[in-house]
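Q: Here you go, one structure.
Residue numbers (full-length UniProt numbering): 1 to 402.
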């Protein structure tokens, strides 16, 4: 547990021409341990073999409005791989330690602990942070915490906020071997995607989804799309389509998640034509895409009148080749909008967190499932990153801290 120290500050002020001493009693909160263990990177950036467990990392001290959480489990995300290679533009408030999603126990609060935030020391929580979750302790805004149901495991809870498992980008994209003139080298283009929170944002806020509309989720076996498919079904989608990189993943999506139809983009490159045929030429109302330039034309083609195309990633790059036909934007009144989440301020993320909290009971009833593929002790962090890089998982990779 944390400890606190009461400190007396004496100041002198002048009242009606007379000097007076003023005594102020302030409580300073600090963690019970000065150093903690955290996953670090030898040299600051590098391959997965550079990851190691550092026993001498300063324990964070929670600031005003923050809680210090003792971490029990954390999720692995695509952005962690990109950040490890030094190709990710961090928000200014992010610590250098990797990790944005976690579950754990509240250890203490920063100044202003008496504020009515609805949490208490000892509460079991899960949540989203700007970074630092690969550690024994994490300081995080209470606005980004959700109380963990007693029946929910630490591993499942850690997989909910931000479990992106996107198809891995081409090697030259990750390691910066593109022509320097190409803007895809700019780290801002490879920012995060969040699973349940990002899926909610993409579907309901940006995509303006409502009951009876149809949806296409690209990267259908990714954490975001697995969450989004379930949310689409729960919220009353008329049809749900998906693309994925293998027949096995497509079968899983239709058999286990109730997708209307899933298409292996490797063997069915004309997935847009297939969807148009199935919908009588109408197309789909909302398209959620992580791929970028390679899918832009087909996304325009497959979108229905007044449709929304939500861009969450640029895995194939940002520069569109000549010959793009944008007439559909005009004649079908389409809107294409991109969005990132990690760069948003805490109030924006907090509002999405409030929306997510509404759905927590659905995880207990089984209407929603957090899909965990692999659980490893954090001592095997290199293996966890290897599994992410190999892109064979369906759902979340989670590490636990004993």
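Ideal Cβ placement from N, Cα and C applies to all residues, glycine included.
1) Determine the direct distance from the alpha carbon of residue 204 to that of residue 304, and round the result to whole angstroms.
2) Going along the chain, which residues of its own chain have a beta-carbon closer than 7 Å to the beta-carbon of residue 182, five neighbours each way excluded?
3) Is there contact between the segment 244 to 253 and the segment 305 to 315, where contact requires at least three CB pairs shorter than 8 Å?
4) Between the segment 87 to 96 and the segment 104 to 114, are three or more C-beta pairs nearer than 8 Å?
5) Taking 8 Å as the threshold (C-beta atoms), are residue 45 and residue 86 in contact?
6) Can you tell me where the alpha helix (DSSP H) with residue 254 in it begins and where it stops?
7) Along the chain, where does the beta strand (DSSP E) that runs through residue 125 open and close?
8) Where are the beta strand (DSSP E) runs, 3 residues long or more, that stay fully inside the segment 350 to 398, in chain order?
9) Could you give the distance in angstroms between the alpha-carbon of residue 392 and the alpha-carbon of residue 373?
10) Please report the distance separating the alpha-carbon of residue 150 from that of residue 310.
11) Check residue 285 in the structure and name its three-state DSSP category.
12) Is the beta carbon of residue 161 closer than 8 Å to that of residue 200?
13) Is it the case that the Cβ atoms of residue 144 and residue 350 are separated by a distance below 8 Å?
14) Taking 8 Å as the cut-off, does the segment 231 to 250 touch the segment 322 to 342 (at least 3 CB pairs, one atom from each stretch)?
15) Thinking C-beta only, is residue 53 closer than 8 Å to residue 71?
16) Of all the alpha helix (DSSP H) runs that stay within the bounds of the segment 195 to 232, which reach a length of 4 or more residues?
17) From residue 58 to residue 34, what does the alpha carbon distance come to, in whole angstroms?
18) Would you call residue 229 buried or exposed, if buried means 16 or more other Cβ atoms sit within 10 Å of its Cβ?
19) So who's on the other strand from residue 264, going by DSSP bridges?
20) Let me make sure I understand the geometry here. Which of 147, 135, 133 has the alpha-carbon closest to that of residue 117?
21) Check whether the segment 202 to 221 touches the segment 287 to 307, taking contact to mean three or more Cβ pairs, one atom from each stretch, closer than 8 Å.
22) Ignore the nearest five residues each way along the sequence and tell me which others in residue 278's own chain have a CB closer than 7 Å to its CB.
23) Under three-state DSSP, which class holds residue 327?
24) Which residues mark the beginning and the end of the beta strand (DSSP E) in which residue 54 is found?
25) Who are the near neighbours of residue 208 in its chain, counting only those whose CB is closer than 7 Å to its CB and skipping five residues on each side?
26) Rounded to whole angstroms, what's the CA-CA distance from residue 245 to residue 74? Just pull it up for me.
27) Determine the extent of the alpha helix (DSSP H) in which residue 138 is found, giving its start and end residues.
28) Note down the Cα distance separating residue 395 from residue 196, rounded to an integer number of angstroms.
29) Please classify residue 158: does DSSP put it in a helix, a strand, or coil?
30) Compare the Cα-Cα distances from residue 243 to each of 142, 377, 220 and report the closest residue.
31) What is the DSSP secondary structure of residue 239, reduced to helix, strand or coil?
32) Select from 322, 355, 296, 344 the residue whose C-alpha is nearest the C-alpha of residue 328.
33) What is the rounded straight-line gap between the Cα of residue 186 and the Cα of residue 290?
A: The relevant details are as follows:
1) Counting from one through the chain shown, the residue named residue 304 turns up at place 304. Counting from one through the chain shown, the residue named residue 204 turns up at place 204. The alpha-carbon atoms of residue 304 and residue 204 are separated by roughly 17 Å.
2) Within the chain shown, numbered from 1, the residue matching residue 182 stands at position 182. With a pLDDT of 31 at residue 182, under the threshold of 50, the modelled position of this residue cannot be trusted, and the question is left open.
3) no
4) No, the segment 87 to 96 is not in contact with the segment 104 to 114.
5) Sequence index remark: in the chain shown, residue 86 carries index 86 (1-based). Sequence index remark: in the chain shown, residue 45 carries index 45 (1-based). Yes, they are a contact pair.
6) By 1-based counting over the chain shown, the position of residue 254 is 254. Where residue 254 is concerned, the enclosing alpha helix (DSSP H) stretches over 247 to 256.
7) What you label residue 125 is simply residue 125 of the chain shown in a count that begins at 1. 124 to 128 is the extent of the beta strand (DSSP E) around residue 125.
8) 372 to 377
9) Residue mapping note: residue 392 aligns to position 392 of the chain shown, counting from 1. Residue mapping note: residue 373 aligns to position 373 of the chain shown, counting from 1. The alpha-carbon atoms of residue 392 and residue 373 are separated by roughly 10 Å.
10) For the purposes of this step, residue 150 is identified with residue 150 of the chain shown, where counting begins at 1. For the purposes of this step, residue 310 is identified with residue 310 of the chain shown, where counting begins at 1. Taking the straight line joining both Cα atoms gives about 35 Å.
11) Residue mapping note: residue 285 aligns to position 285 of the chain shown, counting from 1. Of the three classes helix, strand and coil, the one that applies to residue 285 here is strand, per DSSP.
12) As a working mapping, residue 200 is identified with position 200 in the chain shown. As a working mapping, residue 161 is identified with position 161 in the chain shown. Contact: no.
13) Here residue 144 is taken as the residue at index 144 of the chain shown, counted from 1. Here residue 350 is taken as the residue at index 350 of the chain shown, counted from 1. Yes; because the gap between Cβ atoms is below 8 Å, this pair is in contact.
14) no
15) Sequence index remark: in the chain shown, residue 71 carries index 71 (1-based). Sequence index remark: in the chain shown, residue 53 carries index 53 (1-based). No, they are not a contact pair.
16) 196 to 200
17) Working through the chain shown from its first residue, we reach residue 58 at position 58. Working through the chain shown from its first residue, we reach residue 34 at position 34. Their Cα atoms are separated by approximately 6 Å.
18) By one-based count along the chain shown, residue 229 stands at place 229. Burial call: buried.
19) What you label residue 264 is simply residue 264 of the chain shown in a count that begins at 1. Partner residues in the beta bridge of residue 264, as assigned by DSSP, are 244.
20) Counting from 1 along the chain shown, the entry for residue 117 is found at position 117. Selected option, being the one with the closest Cα: 147.
21) Short answer: they touch.
22) Here the question's residue 278 lines up with position 278 in the chain shown. Within the same chain, residue 278 has close Cβ partners 261.
23) In the chain shown, counting from the first residue as 1, residue 327 sits at position 327. In the structure shown, residue 327 sits in a helix (DSSP, three-state: H, G or I).
24) Locating residue 54 in the chain shown gives position 54, where the first residue counts as 1. In the DSSP assignment, residue 54 falls within the unbroken beta strand (DSSP E) covering 51 to 58.
25) As a position in the chain shown, residue 208 is number 208, starting the count at 1. The residues are 308.
26) Locating residue 245 in the chain shown gives position 245, where the first residue counts as 1. Locating residue 74 in the chain shown gives position 74, where the first residue counts as 1. Answer to the nearest angstrom: the Cα atoms are 26 Å apart.
27) If you number the chain shown from 1, residue 138 lands on position 138. In the DSSP assignment, residue 138 falls outside any alpha helix (DSSP H) and lies within the beta strand (DSSP E) extending over 137 to 141.
28) The residue you call residue 395 lines up with position 395 of the chain shown. The residue you call residue 196 lines up with position 196 of the chain shown. Near 12 Å, if we compare the C-alpha coordinates of residue 196 and residue 395.
29) Here the question's residue 158 lines up with position 158 in the chain shown. It is helical.
30) For this step, residue 243 is matched to residue 243 along the chain shown. Answer by Cα proximity: 220.
31) To locate residue 239, count along the chain shown from 1; it is residue 239. DSSP places residue 239 in strand when its eight states are reduced to three.
32) Numbered from its first residue, the chain shown carries residue 328 at position 328. Here the closest residue by C-alpha is 296.
33) Looking up residue 186 in the chain shown gives position 186. Looking up residue 290 in the chain shown gives position 290. Below a pLDDT of 50, predicted positions are generally treated as unreliable, and residue 186, at 31, falls in that range; the measurement from the model is reported next regardless. Spanning the two alpha carbons is a distance of roughly 17 Å.
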